[in-house]
Amino acid sequence: MLQNIIDLVMPEGVLVDRFQLRSAGLSQTQIDYCVRKGKLQSVVSGVYRRPGLPLKWPCVVYSLVKMGIPCRVASGSALHQHGLVDQPPSEIVLARLVPFPKWLKRLDAIARFRAWHGRLSEGIPESAMTSFPFGTWDWPIPISTPELALLEFLAELRHESEFSIADQVFRSVDLDRLKALLAVFPHFKARRLCLWFAKRHGLDLPSLDLGRGKIAIVKNGVFDKTWGITVPRMS
284 MLQNIIDLVM PEGVLVDRFQ LRSAGLSQTQ IDYCVRKGKL QSVVSGVYRR
334 PGLPLKWPCV VYSLVKMGIP CRVASGSALH QHGLVDQPPS EIVLARLVPF
384 PKWLKRLDAI ARFRAWHGRL SEGIPESAMT SFPFGTWDWP IPISTPELAL
434 LEFLAELRHE SEFSIADQVF RSVDLDRLKA LLAVFPHFKA RRLCLWFAKR
484 HGLDLPSLDL GRGKIAIVKN GVFDKTWGIT VPRMS
């Protein structure tokens, strides 16, 4: 009986929390018993999985969505997943509309997760989001499209080395999709940088509200009067 409930609530590889198990009819005593008998594995306090293959970070993302916490792989993490950035990210960036559970920060052994600006995720069209299959069952893992991921990356760009990454990605994105997203992406720094890269590559992008004031993105760089940003010297 217990195993049937576990199989129903928790497909192999999926994380569930104590609330989900209790809602399925398991008491805390039964949960503790299943852990002792090896039917359940405690990942962190209050979060469980079925014993099996090593836990991967896409399993965590899929589990969050199944828990009713909408999120997607974003920014540099999404660019790497799309094959547009070679170097694996040191952290998995997730865009979300609601706060993450506190236990997510305790999964450092699996991956280091970081939340991307929540309020900037509002109003993003569904067409700017996609998914990639993962695991035996091809679970759909939500992810930003390359164009949205680029804008998310530009919004948090701070280091000179990241300019080379953005410059490389800019050659690969769909310009029409990028234009459509720029109109709804509410981040002046990302907009200015996008227009700066467009000019650098001889591309034409529509004029937009770019906000006011100067934005110093890097130290000891060159001030671009057109876009009001300080950028590195690039060949």
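Here our numbering is used: the first residue of the sequence shown is 284, the next is one more, and so on. Backbone N, C-alpha and C fix where the C-beta goes; we use that ideal spot for every residue, glycine too.
What three-state label does DSSP hand residue i in the structure shown?
| i | result |
| --- | --- |
| Leu377 | strand |
| Thr428 | coil |
| Asp315 | helix |
| Trp510 | coil |
| Arg305 | helix |
| Ala357 | coil |
| Phe396 | strand |
| Ile563 | Outside the displayed span of the chain (284 to 518) sits residue 563, for which this structure offers no information. |
| Val292 | helix |
| Trp386 | helix |
Provide the residue span of the alpha helix (DSSP H) that contains residue i, from first to last.
| i | result |
| --- | --- |
| Trp340 | Trp340 to Lys349 |
| Leu448 | Leu is not the amino acid found at residue 448; the sequence shown has Ile there. Ile448 -> alpha helix (DSSP H) spans Glu443 to Phe453. |
| Arg475 | Phe471 to Arg483 |
| Arg460 | Leu458 to Leu465 |
Which value, in whole angstroms, describes the spacing of the CA atoms of residue i and residue j?
| i | j | result |
| --- | --- | --- |
| Val348 | Asp421 | 15 Å |
| Glu430 | Gln313 | 47 Å |
| Val467 | Ala499 | 23 Å |
| Phe453 | Phe396 | 25 Å |
| Leu433 | Ala392 | 28 Å |
| His470 | Pro416 | 30 Å |
| Leu488 | Pro371 | 30 Å |
| Leu461 | Asp507 | 22 Å |
| Leu367 | Glu374 | 16 Å |
| Gly351 | Pro423 | 15 Å |
| Leu323 | Cys317 | 5 Å |
| Gly414 | Ala357 | This sequence places Ser at residue 414; Gly is not what is there. Looking at the two C-alpha atoms, the distance is approximately 11 Å. |
| Met517 | Arg475 | 17 Å |
| Val537 | Val297 | No information on residue 537 is available, as it lies outside the stretch 284 to 518 that the chain covers here. |
| Trp510 | Gln364 | 30 Å |
| Pro337 | Ser306 | 26 Å |
| Ser410 | Ile426 | 11 Å |
| Glu443 | Leu493 | 22 Å |
| His400 | Arg319 | 40 Å |
| Asp369 | Asp450 | 14 Å |
By a C-beta neighbour count over all protein chains shown, 10 Å radius and 16 as the cutoff for buried, is residue i buried or exposed?
| i | result |
| --- | --- |
| Glu435 | buried |
| Ser346 | buried |
| Pro334 | exposed |
| Arg332 | buried |
| Phe302 | exposed |
| Arg355 | buried |
| Thr428 | buried |
| Ser360 | buried |
| Val326 | buried |
| Leu440 | buried |
| Leu464 | buried |
May I ask which residues mark the beginning and end of the beta strand (DSSP E) holding residue i?
| i | result |
| --- | --- |
| Gln324 | Gln324 to Val327 |
| Phe234 | Nothing can be reported for residue 234, as the shown portion of the chain is limited to 284 through 518. |
| Val330 | Val330 to Arg332 |
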